[in-house]
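For what it's worth, the numbering used here labels the leading residue of the sequence shown as 952, then goes sequentially.
Ideal Cβ positions, reconstructed from N, Cα and C, are used throughout, including at glycine.
Given the structure is predicted, the values throughout are model-derived calculations rather than measurements.
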Amino acid sequence: MDDRPFKLQPQPVASRGPQTIEEFIQRVNAEPGGFRALNEADIRKAIEERNNAPENDEQDDDVDMEETSDTDDAPEKDIATVRAELLQSTEGALRTSNWALDFISLLISKENPALASTTLNQHTRETVGVGTLGATVLGAPTALTQSRIPDNKMMVIGRRLLDLDNGVDTALAASKRLEKETTAEAKYWSEVHRVSQAGWRTAPLPHDQGTMSVSFGFPSAELGAQGVAPLRRAEDGTVQLEHGKFGGGSLRTQVSILENDRVVGRSSLPDPLPEGAPLEDQVKDSRDTIFAQELWHELNKEARTLSGRNVRLRESSITYAIDPTRTISIELVALGEIESLDSEEAHAQDYIAERLNIGLSLQLTNAHRLNEQRATEDTFPKKPPPAQYTLLAPVISYFEHEKTVKETMRFLIAYTSVLRSAGIDSFVEMHEDDFCLTPGHSTSEVTDTTLLDLPAAEFDLRITPQSRLEILLEPSFDHGTPFGIYLWPRPRPEDEEPEIKQEEEEELDELSKQEKFEQEQWERDHPAEAAQLKEQERLEKEERANAPPNPLAEFFPPYTEEVYQNSSAAFWYLHSAVPRALTAHYLPIVKDFVSASRIQQLNGETPSPKWQVHSTKKGIVDESDIYGVLFDFPLNPATGFPELHVKGVFLEDPNPNDNGEQKVKVEREWVWTTEGGPWNGDENNPNGIVDLDTVVKQIILRGPTQELPPLGGLGTGTTAPGTGTGVMGGGGPGF
């Protein structure tokens, strides 16, 4: 059958096996186990079974219909018979086509005889004749239908005109809609452009590239994902800022200062945004809201670690007790809510609360800025741990430092006033670093650095003209405010030459170059202040160079290797330093005064006794350690202020009118306070106060001589402190 020009059977069905290697791999992977389930033995077995199997039944089914019909026919026909049948069928078809041609030609002959005569059979023309057969149109037009033709044409024209009008209206509506859409789109993008020009970062949303968004938070923040808001377009083209997870309310942190549970200071809050506010204002408000939420979140985390420093977490606030009466409260409030009546009034300490609120915000801003700077370094980890910001600790340290400075200043003022009431030339001065902008840094960075690195307070204390101290209060976030007490004069920093390694020296060289450059720039910008500072440094250097040695270096030197950790330890040293300083001050005066007085009084016949420092270095006594003067500088627990106590043991005539009576040993005590000292005995001046020089000289002048036998020291008796009178009997040991 393959030699036939055409076949009657359908096209063969395509093979069901894989056509490509890719399809083969997909089928194998679809089988249970995939390629892992295949092994060489199973594959060889499958190939052998396929080769040995009989032919498929499909070949039996796919047989030629003609072969089947040939096998069914009993005897084969003769070729002549087949030819006769074929010719008979052909002649029958020819006759049928001729009859159809004659029929159509007769129909046409009535209407168009000339055309029909070309195809009409001659025999049919002679037998039937031309025009004998015709056809009539059933729907032939009548007079009525002919009269309606113009109306129908007008209707068609009108219909076309209506369609044209509708098309024009549709085009106009489309153009108006396009114009409206263009105007709205231009308005939308103009607002987005203004936001971008204002400094905000705009970009398509990562999950929706067709929607723009604005970023107003810090990427390194823990709530950084909430700092991105979509910019949706309204129907009129205005931009609608979606607030995301933090909602549409405006939040701010508010700091309040309370005294005895009464508000005395509160930071201000901005007015809520009105409806229809500009997009830039909405973005700023959203930025401030997310920033306030993050600040509140970080403050809550830090407050949990500061319970030991009087920080407490309330239901909706964080409180810090400055002292038993004053408290700082931090809250997260919503703008536009009903506020208390006292918040609408001005308070005396509103500026302090305002500065605290701004300081906390600046600290968080600077912390994020430092994180972004570290992220650019090569050593920064790809997934850094959550940052723990220090925001409340500097504020607490600031108040603790301020409290310590005020307490120290109050103590030193009382300290020097007691000495001045006794006639000692004592004074105290406080020096604190001035706040100035560092070149190359922004105001926020310098302000934050100043808050984090509080300036040290320095006190210049002069106990006596020879004994001077420098007290340095350096604040610390962890250890309060330690005290450094140094003798004056002390070596300047440039005079000290510590051993420095080469790497540290190179690093210090770079820092010194930077500091030198900044110092030179500051001097160029502030020539008057720079000249005044240089003159002050020159005078201070000369004063240090010409200053006599400090006697406290021998009598009672302070700790230099470590600082005093609190005010109690520092005040203990200052209390203990006064008796030693007075001893060192009066020792040379006593020696010179006694020598001159004895020579003048006795005309050189009686030598004066030798005076020496007491074993405690708190007074001056004679060689027998019985007579002399002792100094003490205790703290009065009733008033809380220091007092100067001077105790003297000397000889005195019991009856000044009788020159021949034997002198007796007496003990007397004088007390000077911040309010004054003992009366000098002048009846004409009831307010006259005896000074310490007079007391010491009287005690020394009335001391023993070598002609007098030593009497008993201090024993029993009575004392009249602060009155300048009082006699004690002998019989006990001396000082």
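### Task
Could you tell me the distance, in whole angstroms, from the CA atom of E1000 to the CA atom of I1030?
By one-based count along the sequence shown, residue 1000 stands at place 49. By one-based count along the sequence shown, residue 1030 stands at place 79. Roughly 49 Å between the two C-alpha positions.
### Message
Please tell me whether R1531 and F1506 are closer than 8 Å, where the distance is taken between their beta carbons.
### Response
Taking the first residue of the sequence shown as 1, we reach residue 1531 at position 580. Taking the first residue of the sequence shown as 1, we reach residue 1506 at position 555. Contact flag set, yes.
### Residue of L1115, E1603 and Y1437 minimising C-alpha distance to D1411
Within the sequence shown, the letter at position 460 stands for residue 1411. Of the candidates L1115, E1603 and Y1437, the residue whose Cα lies closest to the Cα of D1411 is Y1437.
### Query
Can H1319 and F1169 be called in contact, C-beta distance under 8 Å?
Taking the first residue of the sequence shown as 1, we reach residue 1319 at position 368. Taking the first residue of the sequence shown as 1, we reach residue 1169 at position 218. Yes, Cβ-Cβ distance for H1319 and F1169 is below 8 Å.
#### Entry: Sheet register partners of V1615 (DSSP bridge)
Against the sequence shown, residue 1615 aligns to sequence position 664. Answer is E1603.
### Query
Skipping 5 residues on each side, what residues in its chain have a beta carbon closer than 6 Å to that of R1419?
Numbered from 1 along the sequence shown, position 468 holds the residue referred to as residue 1419. Spatial neighbours of R1419 in its own chain (CB-CB distance under 6 Å, excluding positions within 5 residues in sequence) are listed in chain order as R1413 and W1439.
### Message
Given a cut-off of 8 Å on the beta-carbon distance, is the pair S1201 and P1225 in contact?
### Response
Here residue 1201 corresponds to residue number 250 of the sequence shown, with the count starting at 1. Here residue 1225 corresponds to residue number 274 of the sequence shown, with the count starting at 1. Taking 8 Å as the cut-off, the beta carbon of S1201 is found no closer than this to the beta carbon of P1225.
### Task
Keeping to the same chain, check which residues put their C-beta closer than 7 Å to that of A1254; ignore five residues upstream and five downstream.
Reading the sequence shown from its first residue, position 303 is the one you call residue 1254. Closer than 7 Å at Cβ, skipping near neighbours: V1262, L1264, I1269 and L1343.
### Query
Start and end of the alpha helix (DSSP H) containing G1109?
Taking the first residue of the sequence shown as 1, we reach residue 1109 at position 158. Where G1109 is concerned, the enclosing alpha helix (DSSP H) stretches over A1094 to Q1148.
### Inter-residue CB distance, W1151 and V1206 (contact presumed, cutoff 8 Å)
Taking the first residue of the sequence shown as position 1, residue 1151 is located at position 200. Taking the first residue of the sequence shown as position 1, residue 1206 is located at position 255. W1151 to V1206, Cβ: 28 Å. No contact.
### Task
Going by CA-CA distance only, name the one from D1232, A1365 and T1047 that's closest to T1625.
For the purposes of this step, residue 1625 is taken as the residue at position 674 of the sequence shown. Per the Cα distances, A1365.
### Message
Restricting to Cα atoms, I'd like to know which of A1373, K1354, G1090 and L1283 is closest to T1240.
### Response
As a first step, residue 1240 must be located in the sequence shown, where it is residue number 289. In terms of Cα proximity to T1240, the closest of A1373, K1354, G1090 and L1283 is L1283.
### Query
What is the rounded straight-line gap between the Cα of D1120 and the Cα of R1110?
Looking up residue 1120 in the sequence shown gives position 169. Looking up residue 1110 in the sequence shown gives position 159. In a straight line, the C-alpha of D1120 is about 15 Å away from that of R1110.
### Task
Could you have a look at G1310 and say whether DSSP puts it in helix, strand or coil?
For this step, residue 1310 is matched to residue 359 along the sequence shown. It is helical.
### Query
How would you call I1422, buried or exposed, if buried means at least 16 neighbouring beta carbons within 10 angstroms?
Taking the first residue of the sequence shown as position 1, residue 1422 is located at position 471. Counting other Cβ atoms within 10 Å of its Cβ, I1422 reaches 16 or more and is therefore classed as buried.
### Message
By alpha-carbon positions, which one of S1098, K1598 and R1099 ends up nearest to E1618?
### Response
The residue you call residue 1618 lines up with position 667 of the sequence shown. Between E1618 and the set S1098, K1598 and R1099, the nearest pair of CA atoms involves K1598.
### Query
In three-state terms, what does DSSP make of Q970?
Within the sequence shown, numbered from 1, the residue matching residue 970 stands at position 19. Looking at Q970 - three-state DSSP - the assignment turns out to be coil, as it is neither helix nor strand.
#### Entry: Delimiting residues of the alpha helix (DSSP H) encompassing F1242
Stepping through the sequence shown from its first residue, residue 1242 is reached at position 291. Unbroken alpha helix (DSSP H) run through F1242: L1230 to A1254.
### Residue span of the alpha helix (DSSP H) that contains G1043, given as start and end
Walking along the sequence shown from the start, residue 1043 turns up at place 92. First-last of the alpha helix (DSSP H) with G1043: I1030 to E1062.
### Task
Would you identify the three-state DSSP class for Q1160, choosing helix, strand or coil?
Locating residue 1160 in the sequence shown gives position 209, counting from the first residue. The DSSP-derived three-state label of Q1160 is strand.
### Query
Closest by CA to F925, which one among I1571, T1204 and G1591?
Residue 925 lies beyond the residue range present for the chain, which begins at 952 and ends at 1686; the question has no answer from this structure.
### Range of the contiguous alpha helix (DSSP H) that encloses R1371
The residue you call residue 1371 lines up with position 420 of the sequence shown. The continuous alpha helix (DSSP H) containing R1371 extends over residues L1343 to S1372.
### Query
Looking at C-alpha atoms only, which residue of G1310, G1085 and R1238 is the closest neighbour of Q1177?
In the sequence shown, counting from the first residue as 1, residue 1177 sits at position 226. The residue with the shortest Cα to Cα distance from Q1177 is R1238.
### Task
Output the distance between the C-alpha atoms of Q970 and I976, rounded to the nearest integer angstrom.
Residue numbering aside, residue 970 sits at position 19 when the sequence shown is read from its first letter. Residue numbering aside, residue 976 sits at position 25 when the sequence shown is read from its first letter. Distance from the CA atom of Q970 to the CA atom of I976, rounded to whole angstroms, is 11 Å.
#### Entry: For L1057, the nearest candidate out of T1162, V1079, L1503 and L1037 (CA to CA)
The count along the sequence shown starts at 1 and reaches residue 1057 at position 106. With distances taken between CA atoms, L1057 lies nearest to V1079 out of T1162, V1079, L1503 and L1037.
### Task
Examine the ligand ZN and report whether any of its heavy atoms sits within less than 7 Å of the Cβ of L1250.
For the ligand ZN, the structure offers nothing, since it holds no ligand at all.
### Message
For L1586, list the residues DSSP reports as bridge partners.
### Response
What you label residue 1586 is simply residue 635 of the sequence shown in a count that begins at 1. Under DSSP, L1586 takes part in a beta bridge, and its partners are P1593.
#### Entry: Check whether G1090 and S1060 have beta carbons under 8 Å apart
In the sequence shown, counting from the first residue as 1, residue 1090 sits at position 139. In the sequence shown, counting from the first residue as 1, residue 1060 sits at position 109. Going by C-beta atoms, G1090 is not nearer than 8 Å to S1060.
### Query
With a Cβ-Cβ cutoff of 8 Å, do Q1417 and H1565 count as a contact?
One-based indexing of the sequence shown puts residue 1417 at position 466. One-based indexing of the sequence shown puts residue 1565 at position 614. No; because the gap between Cβ atoms is not below 8 Å, this pair is not in contact.
### Task
Would you kindly work out how many angstroms separate the C-alpha atoms of G1310 and T1204, rounded to a whole number?
In the sequence shown, residue 1310 corresponds to position 359, counting from 1. In the sequence shown, residue 1204 corresponds to position 253, counting from 1. Cα-Cα distance, rounded: 12 Å.
### Message
Tell me the DSSP secondary structure of M1679 in three-state form.
### Response
Position 728 of the sequence shown, counted from the first residue, corresponds to residue 1679. For M1679, the predicted model reports a pLDDT of 31, less than 50, meaning its position is unreliable and no value from the coordinates is stated.
### Query
Does the Cβ-Cβ distance between A1135 and D1187 come in under 8 Å?
Translated into the one-based positions of the sequence shown, residue 1135 becomes position 184. Translated into the one-based positions of the sequence shown, residue 1187 becomes position 236. Pairing A1135 with D1187 gives a Cβ-Cβ distance under 8 Å.
### Query
If you compare alpha carbons, which of L1209, K1568 and G1085 is closest to A1504?
To locate residue 1504, count along the sequence shown from 1; it is residue 553. For the residues L1209, K1568 and G1085, the minimum Cα distance to A1504 belongs to K1568.
### Message
Using only the alpha-carbon positions, how far apart do P1539 and K1492 sit?
### Response
Here residue 1539 refers to the residue found at position 588 when the sequence shown is read from its first residue. Here residue 1492 refers to the residue found at position 541 when the sequence shown is read from its first residue. Straight-line Cα distance between these residues: approximately 27 Å.
### Task
State the CB to CB distance for the pair V1369 and W1623, rounded to an integer number of angstroms; the pair is presumed to be in contact (CB under 8 Å).
Taking the sequence shown and counting its residues from 1, the one referred to as residue 1369 is at position 418. Taking the sequence shown and counting its residues from 1, the one referred to as residue 1623 is at position 672. The Cβ separation is near 6 Å, so the contact holds.
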